[in-house]
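Presented below is the structure to which this report refers.
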Amino acid sequence: MSCVLDASALLAFLQDEPGAVAVEQALSGSLLSSVNWSEVVQKSLVSGVDVCGMRQDVEALGVAIQVIR
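Numbering-wise, our numbering puts 51 at position 49 of the sequence shown, and it's gapless, one number per residue.
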């Protein structure tokens, strides 16, 4: 079963916030829109996170980042 993630869900996982465990269980095979991905990157940059390679890391967890047209 696929899940559609929003930016807040992925950020909760990446920042080990409440709900991170539930998100972790849904990562493999999940989808994230490119719009939500841009929000994750922007908020990560503001927090001082080095985002170099972050997309590859997230995709390695089984998340597909999709362009919505």
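Ideal Cβ placement from N, Cα and C applies to all residues, glycine included.
Handout entry: Inter-residue spacing [alpha-carbon to alpha-carbon] between residue 49 and residue 17
Key = 10 Å
Problem - Whole-number beta carbon distance between residue 32 and residue 6, since they are thought to touch under 8 Å - result: 7 Å
Exercise for the section: Name the two residues that bound the continuous beta strand (DSSP E) containing residue 35. Expected result: Where residue 35 is concerned, the enclosing beta strand (DSSP E) stretches over 33–35.
Problem - Collapsed DSSP secondary structure at residue 29 in the structure displayed - result: Three-state DSSP puts residue 29 in coil, outside helix and strand.
Exercise for the section: Determine the contact status of residue 15 and residue 22, defining contact as a CB-CB distance below 8 Å. Expected result: Cβ atoms of residue 15 and residue 22: closer than 8 Å.
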